[in-house]
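Under our numbering, residues 526 to 644 are what the sequence shown spells out, in order. Heads up, the beta-carbon is just placed ideally off N, CA and C, and yes, glycines get one too.
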Amino acid sequence: MKESAVEDGVEVTHPKYGRGVVTEYRPNFGAEPDDIVVDFHALDDCRTLPVYAVETAQKVTTANVEPGRFGFTAVVDDGIGTLIVQPNGTGDGYAIELLIGGESIDHATVSRADRTAVQ
526 MKESAVEDGV EVTHPKYGRG VVTEYRPNFG AEPDDIVVDF HALDDCRTLP VYAVETAQKV
586 TTANVEPGRF GFTAVVDDGI GTLIVQPNGT GDGYAIELLI GGESIDHATV SRADRTAVQ
């Protein structure tokens, strides 16, 4: 019997290896915890781990949306990257920022007034 929601094709997160995809589920039929083979993106390599060593990516993802005076602020964090959408301060658009490990790697603005997007 399966011990968790982890199965082939599910994206998982490991505290040391980061994010990866389960490529194989190996049941141990009660003798020991089931094993999984995970292809980790950052390592470009596969590791065999006990199923309890990872969390599904969905489980570690958080989303928060708060209304504000000029629109809303939305923050989505998947444990590795953070996407922030917030009013641009002029009331006619939004600023969008992508952070990885807390560092900004990209940003853009979109404007309703002149229907533009600037990166």
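Residue i vs residue j beta-carbon contact at 9 angstroms
i           : j           : result
residue 563 : residue 537 : yes
Inter-residue Cα distance where the pair is residue i and residue j
i           : j           : result
residue 546 : residue 568 : 12 angstroms
residue 636 : residue 615 : 9 angstroms
residue 580 : residue 573 : 15 angstroms
residue 596 : residue 558 : 48 angstroms
residue 627 : residue 576 : 28 angstroms
residue 532 : residue 566 : 17 angstroms
residue 631 : residue 548 : 31 angstroms
residue 633 : residue 643 : 5 angstroms
residue 530 : residue 617 : 43 angstroms
residue 541 : residue 638 : 45 angstroms
residue 570 : residue 534 : 16 angstroms
residue 543 : residue 578 : 12 angstroms
Contact set for residue i: own chain, Cβ-Cβ below 6 angstroms, skip 5 residues either direction
i           : result
residue 604 : 538 and 585
residue 611 : 598 and 620
residue 551 : 560
residue 600 : 589 and 609
residue 553 : 559
residue 623 : 608, 630 and 631
Close-in-space but distant-in-sequence residues of the same chain around residue i (CB under 7 angstroms, 5 per side omitted)
i           : result
residue 591 : 597 and 598
residue 587 : 602
residue 593 : 612
Chain C within 9 angstroms of residue i, Cβ atoms only
i           : result
residue 569 : The displayed structure is made up of one protein chain only, and chain C is not part of it.
Whole alpha helix (DSSP H) elements within the segment 556-612, 4-residue minimum: 582-585
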